[in-house]
Each structure stands twice: as C-alpha cells, then as structure tokens.
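For what it's worth, our numbering labels the leading residue of the sequence shown as 3, then goes sequentially. We put the beta carbon where it would ideally sit given N, CA and C, even for glycine. Quick caveat: nothing in here was measured; it's all calculated off a predicted structure.
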Amino acid sequence: MESNEKLSQSVKNLVHKNEVTIVKAIGELKESGQPAIPILIEALKEEGSLRNIAAAVLGEFGPEASEAAPTLAALLKSESEDTRMAAALSLMRIGDGSLPSLLDVARNTEGPPCFWASWAISWIEPSKIDRHMYECLKDVQENSSEMVAPFAAEEAIGKIIAMQLKNK
C-alpha cells in the first residue's frame, strides 16, 4: 500500500509542467487504488488546474469513487466552466453512486449547475430526467454562448430521446 506522503506527492505532480510527470502521477494514483481517493477529494478544495485534474482523475476510478460524489457535485456550482465540466464528467463516470448528488443539484439549481448535473444524469440514467432538467438542457442547446455546452446539451437530449424511443 502506498504511503499518504507518496500519494500526496503524486497529486501535486498532476499540475507539473512536464506531461510525462503528469501521466506518471495519474498512473500512480490509479494504481494505488482506494487509498488515493480521499487524497484526491482533499485536492478538490484547491483552486485552478489541480482541482480540475483531481476531479478528472477521480472519474478514472469509476464506481469506486462514489464517496467523492457529494464534493464533485458541489463543484458543479463553481464559477469556472472547466471545473464544472471536469466534475460532471467524473460524476458521469462514477455512475449510479453519483445519482443522489446529481439529482439534488439538478432539481435545486438553475443555469450551469443544473445543466451539467442534467447532462451527467442523461448519461447515467436518462429516465431520471424530469421536465425542469430537460428544459435546462434545451435552453443551453438553443441559447448558450459557451463552446462545449451546446454540443453537450444536444448529446444529452439525444440520449433522452433514444431512451424514450427504446421504451415505446
């Protein structure tokens, strides 16, 4: 088992200027398994690129990282679009274990937090999308000036429609 000190150093290396060091750090964290998850969750408290990369790496653990879901879901309310996207992608990759946190954000927020929570839900379990979430996705698809969000909205709406067609 890796020591916490070594895992903490691997987390710090996630924002190294050298790509080889970053890739190695991601590999070390993934290889160490469950012990890396609390350290990555702690890194979510940081600002900037370390937070975003830690969020993305948590998604690499899939369902094993379910304990990170509430913290990641809180990041959907971030001012940073990059942070919201990294958190949403990781929550989607965590899967079912993130649904309670995602549903809470999607039902109780508007704008980008609702959008990214709804996007992740559409990938995990599109049958959970309610009218409020669908309207949030549709609004972003039709009115967003962001670069990625309109395409993500279209993708999510496609998942919802495909599920509805499949169930008919």
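1. As a quick exercise: from Thr-111, Ala-38, Glu-33 and Ser-120, pick the residue whose alpha carbon is nearest that of Ala-56.
2. Considering only the alpha carbon of each residue, which of Leu-104, Gln-36, Gly-160 and Ala-155 lies closest to Leu-60?
3. Exposed or buried, Pro-128, counting other C-beta atoms within 10 Å across all chains shown (16 or more means buried)?
4. What residue range is occupied by the uninterrupted alpha helix (DSSP H) comprising Phe-153?
5. Is Leu-74 near Leu-46, with beta carbons less than 9 Å apart?
6. Express the C-alpha separation of His-134 and Glu-156 in angstroms, rounding to a whole number.
7. Would you kindly check if the distance between the Cβ of Glu-81 and the Cβ of Leu-32 is under 9 Å?
8. Just the Cα atoms here: how many angstroms apart are Arg-53 and Leu-93?
9. At which residue ranges does the region 68–130 contain complete alpha helix (DSSP H) runs of 4 or more residues, listed in the order of the chain?
10. Could you name the residues of the same chain whose beta carbon sits closer than 6 Å to that of Gly-97, not counting the 5 residues immediately before and after it, in chain order?
11. Could you tell me the boundaries of the alpha helix (DSSP H) in which Ser-61 lies?
12. From what residue to what residue does the alpha helix (DSSP H) around Asp-2 run?
13. From what residue to what residue does the alpha helix (DSSP H) around Glu-44 run?
14. If you compare alpha carbons, which of Glu-7, Gly-50, Glu-49 and Leu-105 is closest to Pro-40?
In this structure, then:
1. Ala-38
2. Gln-36
3. Its Cβ being crowded by 16 or more others within 10 Å, Pro-128 is buried.
4. 151–168
5. yes
6. When rounded, the distance between both Cα atoms is 16 Å.
7. In the sequence as presented, Leu is not what sits at residue 32; that position holds Lys. No, the Cβ-Cβ distance between Lys-32 and Glu-81 is not below 9 Å.
8. 14 Å
9. 71–77, 83–96, 101–110 and 113–126
10. Pro-65 and Ile-126
11. Reading off the sequence shown, one finds Gly at residue 61, where the question assumed Ser. In the DSSP annotation of this structure, the continuous segment of the alpha helix (DSSP H) that includes Gly-61 starts and ends at 51–62.
12. Residue coverage of the chain in this structure runs from 3 to 170, which leaves residue 2 outside it and unanswerable.
13. Looking at the DSSP string, the run of the alpha helix (DSSP H) that includes Glu-44 is 38–45.
14. Glu-7
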